[in-house]
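Notes follow the structure.
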Amino acid sequence: MNKPKYFPTELEILGYTWKVLYIEGTSLNKDDPDEEVDGYMDITRGEISINLLAGNRDRIREILFHEILEAIHCLLDMELEHRDLSNLSVGLHQVFRDNDFLKGL
Ligand SMILES: [Zn+2]
Numbered sequence: 001m002n003k004p005k006y007f008p009t010e011l012e013i014l015g016y017t018w019k020v021l022y023i024e025g026t027s028l029n030k031d032d033p034d035e036e037v038d039g040y041m042d043i044t045r046g047e048i049s050i051n052l053l054a055g056n057r058d059r060i061r062e063i064l065f066h067e068i069l070e071a072i073h074c075l076l077d078m079e080l081e082h083r084d085l086s087n088l089s090v091g092l093h094q095v096f097r098d099n100d101f102l103k104g105l
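Each residue of the sequence shown is one higher than the one before, counting from 1 in the numbering used here.
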């Protein structure tokens with residue numbers, strides 16, 4: 001399975017270029033492959049990894065939003081609870097999706 005059409009392989013986030021990797025499976029944390037996650041943000045490698053098997057296109061896109069927020073959160077040294085970050089991601093994704101901000105994505 002390849003990257004879904006229109007999904008980015010690189011993202012500029014706060015002055016850094018991040019790689020976005022699309023992987024089938026939940027072993028996304030290279031430092032702890034036993035950890036099962038559908039999305040992972042690796043600040044030291046500058047990588048965001050997404051499990052393509054996590055769900056439909058909508059779900060994959062929402063995971064990408066979530067990991068982008070994780071990167072911003074980390075780079076700006078914010079202190080949101082993970083639950084708040086997750087809710088923000090779901091909310092932003094819905095507004096962007098349902099108002100055609102995302103075009104082909
Ligand atoms: Zn998270």
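We put the CB at the ideal spot given by N, CA and C, even for glycine.
Keep in mind that this is a model prediction, so the values were computed, not measured.
**Study point:** Beta-carbon contacts of residue 41 that lie in its chain and below 6 Å, excluding the five residues immediately before and after
**Key:** Position 41 of the sequence shown, counted from the start, is the residue given in the question as residue 41. If we look at residue 41 and ignore the five residues flanking it on each side, its Cβ neighbours are 48, 67, 70, 71.
Exercise for review: With a threshold of 16 other CB atoms inside 10 Å of the CB of residue 101, please say whether the residue is buried or exposed.
Suggested key: Mapped onto the sequence shown, residue 101 falls at position 101. Exposed is the call here.
Exercise for review: Examine ligand 1 and report whether any of its heavy atoms sits within less than 6 Å of the Cβ of residue 62.
Suggested key: Working through the sequence shown from its first residue, we reach residue 62 at position 62. Incorrect: residue 62 has no Cβ contact closer than 6 Å to ligand 1.
Exercise for review: Please report the residue range of the alpha helix (DSSP H) in which residue 84 lies.
Suggested key: One-based indexing of the sequence shown puts residue 84 at position 84. Taken as a continuous stretch (DSSP letters only), the alpha helix (DSSP H) holding residue 84 covers 82-98.
Exercise for review: Identify whether residue 76 lies in helix, strand or coil by the three-state DSSP scheme.
Suggested key: What you label residue 76 is simply residue 76 of the sequence shown in a count that begins at 1. In this structure, residue 76 counts as coil in the three-state DSSP scheme.
Exercise for review: Indicate, with yes or no, if ligand 1 has a heavy atom lying under 6 Å from the CB of residue 35.
Suggested key: Start at 1 with the first residue of the sequence shown, and residue 35 comes out as number 35. Checking every heavy atom of ligand 1 against the Cβ of residue 35, none is found closer than 6 Å.
Exercise for review: Compare the beta carbon distance of residue 43 and residue 74 with 7 Å and say whether it is the shorter of the two.
Suggested key: Within the sequence shown, numbered from 1, the residue matching residue 43 stands at position 43. Within the sequence shown, numbered from 1, the residue matching residue 74 stands at position 74. In this structure, residue 74 lies closer than 7 Å to residue 43 by Cβ.
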